[in-house]
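Asker:
In the working numbering, the protein residues as written are 8 to 101.
1. Would you tell me roughly how many angstroms separate the C-alpha atoms of residue 54 and residue 22, rounded to the nearest one?
2. Does the ligand HEM have a heavy atom nearer than 8 Å to the CB of residue 44?
3. Which of helix, strand or coil does DSSP assign to residue 11?
4. With respect to the alpha helix (DSSP H) encompassing residue 71, which residues constitute its N-terminal and C-terminal limits?
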C-alpha cells in the first residue's frame with residue numbers, strides 16, 4: 008500500500024509541475040498578444056505603418072506559438088491515452 012501511495016504522490020507532483028510549466032508557457036504569448044493588441048487599439052492611429060505592422064506581426068507570431076503549444080498538449084493527451092497503464096509517455100514540449 009505504501010508503494011502505491013508513494014507512486015500516487017509522485018504522479019501528483021509531476022502533474023503539478025507540468026501544470027505550472029504549461030501555465031507559464033501559455034501566459035507568455037498571451038501577455039505579448041494582449042500588450043500588442045492594446046497598443047494598437049490605444050495608439051494605432053498615431054503609429055506609422057511600420058509600427059502597426061510590427062505589432063500586428065507580433066500578435067500573429069505569438070498566436071502561432073499558442074497554437075503550437077495547444078497542438079503539443081493534445082498530442083501528449085492522446086499519447087497518454089494510448090500508453091499502457093502504468094507507463095508514462097514523454098513528448099518534447101520545446
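Cβ coordinates follow ideal geometry from the N, Cα and C atoms, glycine included. Treat the numbers as computed from the prediction; the structure is a model and nothing was measured.
Answerer: Per the coordinate set shown:
1. 44 Å
2. This structure lacks the ligand HEM, and indeed carries no ligand of any kind.
3. helix
4. 56-89
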